[in-house]
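Protein chains in written order, with this note's numbering: chain A, 15 to 239; chain B, 15 to 239.
Positions of the beta carbon are idealized from the N, C-alpha and C atoms, including for glycine.
2 protein chains.
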Amino acid sequence: MQTLVVVSHPKIETSNTQQFLKESIAGLDSVTWYHLDVQAEFDLAAETARIQAADRIIFQFPLYWYSAPASLKQWLDAVWLKQVVYNEHGGLLTGKDLGFVVSFSQPARDYQLGGREQFSLSEILTPYRALAAKTGLRLLPPLTIAQFAYMTEAQQQALLVRYQQLLTLPQPQKFNQQAQWFIDRLRTYQSSTLGELAADQLQDQQDALERLQQTISDLKVGEAE
Amino acid sequence: MQTLVVVSHPKIETSNTQQFLKESIAGLDSVTWYHLDVQAEFDLAAETARIQAADRIIFQFPLYWYSAPASLKQWLDAVWLKQVVYNEHGGLLTGKDLGFVVSFSQPARDYQLGGREQFSLSEILTPYRALAAKTGLRLLPPLTIAQFAYMTEAQQQALLVRYQQLLTLPQPQKFNQQAQWFIDRLRTYQSSTLGELAADQLQDQQDALERLQQTISDLKVGEAE
């Protein structure tokens with residue numbers, strides 16, 4: 015699965031969040047980092063090929079006035095044209111995934127009914143929901159990064175895991191895919207006995223879980239009969 | 015009352031809608047037409063003064079991907095800065111009006127639950143609702159222009175009236191202000207007896223309406239006692 019991370023950030027060199035995200039995907043062959051603000055202009059053929067090659071597109075940006083910075087809109091206005099990337103029957107984008115990595119400086123709880131910002135991220139992202147509905151993109155739940163500057167190292171590690179999973183797992187919300195991701199990662203620490211043991215442990219639990227899920231599923235079929 | 019019409023349209027010379035709107039406000043001293051896409055850059059002092067001078071700000075644009083074209087976002091990102099146009103206590107924008115003139119090529123009925131576009135304009139404009147809530151701007155209902163190309167002359171005239179009223183009336187939704195606007199306009203046709211008569215007629219109806227409203231209001235007070 016190929017993932018295109020479309021980054022919209024006019025001052026990326028001053029953003030610790032974006033630097034952290036960029037470093038955390040170093041070495042992942044299936045992920046392309048594409049920073050819009052440094053592009054001089056958009057060549058339609060190259061942009062179309064870039065989109066075509068991706069199974070998943072991620073819009074990654076800091077929230078400026080409840081939207082992405084202007085560069086994402088410039089790209090959409092210039093490249094996402096009717097008959098080029100979509101048409102009445104779907105087109106190039108249909109069936110691909112659309113995900114979001116949205117950062118902001120307020121606590122996450124501010125973005126809800128009764129919170130300081132009054133609107134939820136799901137509401138604020140409505141224009142992108144409409145865009146996905148129009149083009150046949152499948153929406154993934156947004157990954158939000160609230161107050162990166164105040165995160166502990168453990169919180170940053172958890173973010174890194176969720177970010178890598180969003181970018182690489184076919185279904186990043188599925189528990190068993192998340193578990194498998196941990197198992198695969200731990201197995202790569204060849205020299206570490208601890209890593210191997212943890213991986214075995216996770217694998218055992220994963221197997222047990224799947225057996226239980228199968229049992230419950232069988233029981234439900236019995237009920238239905 | 016001074017109104018600043020902030021126009022975001024990258025190809026305005028090809029837009030009959032925008033040309034029509036521009037012509038329909040020619041000669042209105044209280045209205046400033048400000049086309050973002052022809053600005054080379056934004057001088058912060060000049061932009062701040064422009065905003066300060068306005069009692070009402072109108073965002074006027076064609077709907078591109080369920081939002082304004084990129085130039086409006088460029089302006090907001092560059093000019094609407096914390097401590098410049100707003101702060102924790104409100105700031106420059108507090109108490110001003112924010113209105114919208116939004117054009118699109120689909121029928122108006124497409125923008126609703128169950129319609130082709132699935133989302134209403136009120137939902138699509140959520141980022142601007144959040145912006146207004148943050149800065150203390152008072153929202154006016156959007157003026158939507160659906161399928162301008164198919165409008166009859168009578169429909170265009172009706173649009174012109176609603177547009178001028180949105181830009182010049184202190185409370186453009188109030189029936190009596192709309193009526194007064196017609197009366198004022200008709201009186202200016204000095205040479206036209208018909209215009210005078212129509213104005214008299216409207217004025218009489220307006221007086222009668224206000225008397226009735228007062229009577230109803232008195233009755234309600236009586237009920238409450």
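- According to DSSP, ARG70 of chain A shares a beta bridge with A:THR17 and A:ASP111.
- Taking C-beta atoms under 8 Å as the contact rule, SER117 of chain A and ILE159 of chain A qualify, at a distance of about 4 Å.
- Leaving aside the five residues that flank GLN126 of chain A on each side, the residues in its chain whose CB is nearer than 7 Å to its CB run, in chain order, SER134.
- Around the beta carbon of PRO83 of chain A, a 10 Å sphere encloses 16 or more other beta carbons of the protein chains shown; the residue is thus reported as buried.
- Cβ-Cβ separation between LEU174 of chain B and SER38 of chain B: approximately 5 Å, consistent with a contact (criterion under 8 Å).
- Boundaries for TYR177 of chain B: no beta strand (DSSP E) harbours it, while the alpha helix (DSSP H) harbouring it runs 167-182, taken from the DSSP string.
- THR46 of chain A sits away from LEU86 of chain A, with the two beta carbons spaced by 8 Å or more.
- Interface residue (Cβ-Cβ distance to chain B less than 8 Å): GLN227 of chain A is not classified as such.
- The beta carbon of ALA84 of chain B falls within 8 Å of a beta carbon belonging to chain A, placing the residue at that interface.
- With contacts defined as CB atoms closer than 8 Å, TYR142 of chain A and PHE73 of chain A qualify as a contacting pair.
- By the C-beta criterion, the stretch 94-107 of chain B is judged to be in contact with the stretch 146-156 of chain B, since at least 3 inter-stretch pairs fall below 8 Å.
- Note on geometry: alpha-carbon atoms of PRO156 of chain A and VAL235 of chain A lie some 34 Å from one another.
- Along the stretch 124-138 of chain B, the positions whose C-beta sits under 7 Å from a C-beta of chain A are GLU131, GLN132, PHE133, GLU137 and ILE138, read in chain order.
- Using a Cβ distance threshold of 8 Å, PHE162 of chain A and THR28 of chain A do not count as a contacting pair.
- Within the same chain, ALA160 and GLN161 come within 8 Å of PRO121 of chain B by CB-CB distance, once the 5 residues on both sides are set aside.
- With a beta-carbon spacing of about 7 Å, LEU200 of chain A and LEU216 of chain A fall inside the 8 Å limit used to define contacts.
- Against chain B, the CB of ALA160 of chain A has no partner CB under 8 Å away; the residue lies outside that interface.
- Residue B:ALA193 holds the alpha-carbon nearest to the alpha-carbon of ASP221 of chain B among B:SER231, B:LEU233, B:THR202 and B:ALA193.
- Residue A:ALA68 holds the alpha-carbon nearest to the alpha-carbon of GLY113 of chain A among A:THR166, A:ASP218, A:ALA68 and A:THR62.
- Excluding the 5 residues flanking it on each side, LEU42 of chain B has same chain C-beta neighbours closer than 8 Å at GLN178, LEU181 and THR182, in chain order.
- Taking C-alpha positions only, ALA40 of chain A is separated from GLN16 of chain B by approximately 53 Å.
- Closer than 9 Å at the C-beta level to chain B, one finds these residues of the stretch 54-87 of chain A: TYR78, TRP79, TYR80, SER81, ALA82, PRO83, ALA84, SER85, LEU86 and LYS87.
- For SER119 of chain A, the closest C-alpha among the options A:GLN88, A:LEU95, A:MET165 and A:PRO24 is that of A:MET165.
- At a Cβ-Cβ threshold of 8 Å, VAL93 of chain A and LEU50 of chain A do not count as neighbours.
- Note on geometry: alpha-carbon atoms of GLN33 of chain A and LYS25 of chain A lie some 11 Å from one another.
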